[in-house]
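Anchor point for the sequence shown: position 137 equals 137 in UniProt numbering, and the numbering is continuous, going up by one each time.
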Amino acid sequence: LSPDEDGICSGRYFSESGLVGLLEQAAELFSTGGLYETVNEVYKIVIPILEAHRDFRKLTLTHSKLQKAFDSIINKVFGQKRMFGTYFRVGFYGSKFGDLDEQEFVYKEPAITKLPEISHRLEGFYGQCFGEDAVEVIKDSAPVDKKKLDPNKAYIQITFVEPHFDEYEMKDRVTYFEKNFNLCRFMYTTPFTMDGRPRGELSEQYKRNTILTTMHAFPYIKTRINVIQKEEFILTPIEVAIEDMQKKTQELTAATNQEPPDVKMLQMVLQGSVGATVNQGPLEVAQVFLAEIPADPKLYRHHNKLRLCFKEFIMR
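Here it is as structure tokens:
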């Protein structure tokens, strides 16, 4: 359908029945794609039209399809089997890419896709375009310095990213579906130390959180969308510790509240959190950051926040 197409306004789709037909087709496709919640939104437009025409036969069929969609949602909620997608940030570097040089995209892949799979696929595709020896995949997520790159090669940097939400958004994104639909902000983290190493001791471990905003929201008609905004936030070692403790508390809460209870999952979370042999676990975090009151007054707030994180963790 295109408004520029000759005779479109007199075509069979440019009518009430044509609109209903297209919407019903869209609802079927959403249902096939597992987006059952959107089926309800589509039929919210269709049902008033059918009611106005007293088309009770179609209304019966429509409500039966809605019931099927809602039953699918209920079954999936209790079964935890929904897989919406996995996302990767892909950056292109090198004059061989032409207009793509220094462009970044977010790719949506099937939910079970691993980083080596998409790396191998893109490396093979662009290897056919430029030659296998001319394409190189950058393994880390650190900022790319173009001065250090070979001008005769094409470089691809691939990073796993997760959907990112601000705190105020979370009150409206309650269900698993809502946390995986209408996504346009993604985040990835890059650990680093001031001396250039990616990882170090707790007291010298910094983290860079990078938030990407895409031109359109996923799911979209394309599986890759341009990145139009990039924000970076540096976390100090104590802030990294706070984030890690909050994550451990969330994992522990999820494991203890799971219905039905999963003993193996709870055991794994506990071993990863409080095991005596766990490196950089809660015990070491407490010894490094809470053993003494910080000398810098600017760290008082973080010090107190970390203490509260430990209090909540122990209460779980």
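All C-beta atoms in this analysis are idealised placements derived from N, C-alpha and C, irrespective of residue type, glycine included. Computed from a predicted structure; not experimentally measured.
Straight-line gap, residue i to residue j (C-alpha atoms, nearest Å)
i           : j      : result
residue 318 : Thr175 : With the chain represented from 1 up to 316, any question about residue 318 goes unanswered, as that position is not in the structure.
Gly98       : Phe92  : 10 Å
Phe105      : Ile293 : 44 Å
Arg12       : Pro48  : 21 Å
Glu303      : Asp296 : It should be noted that the sequence gives His, not Glu, for residue 303. Looking at the two C-alpha atoms, the distance is approximately 10 Å.
Thr277      : Lys171 : Summary for Thr277: the model assigns pLDDT 43, below 50, so the residue's position carries little reliability; its value from the coordinates is reported in the next sentence. Their backbone Cα atoms lie some 37 Å apart in a straight line.
Glu169      : Lys311 : 26 Å
Ile73       : Glu37  : 8 Å
Arg82       : Leu66  : 18 Å
Cys309      : Leu202 : 17 Å
Lys44       : Leu23  : 10 Å
Asn257      : Lys76  : 18 Å
Arg54       : Lys222 : 38 Å
Ala52       : Glu259 : 44 Å
Thr236      : Glu123 : 35 Å
Residue i CB to nearest heavy atom of the ligand MG below 7 Å
i      : result
Glu312 : Inclusion of the ligand MG in the displayed structure is not the case, the ligand content being empty and no account of it being possible.
Sequence-distant residues of its chain with Cβ nearer than 7 Å to residue i (five each side left out)
i      : result
Leu50  : Lys58, Leu59 and Thr62
Ile234 : Tyr206 and Arg208
Residues near residue i by beta carbon distance below 6 Å, same chain, minus five either side
i      : result
Asn180 : Phe84
Ala254 : none
Phe177 : Glu37
Leu266 : Ala255
Residue i classed as buried or exposed, judged by whether at least 16 other C-beta atoms fall within 10 angstroms
i           : result
Arg89       : buried
Met245      : buried
residue 324 : Here the chain covers residues 1 to 316 and nothing more, so residue 324 does not appear.
Lys264      : exposed
Ile306      : According to the sequence as given, residue 306 is Leu; it is not Ile. Its Cβ being crowded by 16 or more others within 10 Å, Leu306 is buried.
Gly18       : exposed
Pro151      : exposed
Sequence-distant residues of the same chain with beta carbon closer than 8 Å to residue i, five excluded per side
i      : result
Phe192 : Ala142, Pro198, Tyr206, Lys207 and Arg208
Phe130 : Lys96 and Ala154
Met194 : Glu204 and Tyr206
Phe165 : Arg173, Lys179 and Arg185
Residue i, DSSP secondary structure in three states
i           : result
Gly91       : strand
Phe97       : helix
Thr213      : strand
Val174      : coil
Ile112      : coil
Glu231      : strand
Phe165      : coil
Pro151      : coil
Met245      : helix
Tyr36       : helix
Pro191      : strand
Thr60       : helix
residue 318 : In the structure as shown, the chain begins at 1 and stops at 316. Residue 318 is therefore absent and cannot be evaluated.
Val144      : coil
#### Entry: Meets three-Cβ-pair contact criterion under 8 Å: the region 202-220 and the region 171-185
yes
### Query
Does the region 282-292 touch the region 240-259, meaning 3 or more C-beta pairs lie closer than 8 Å?
yes
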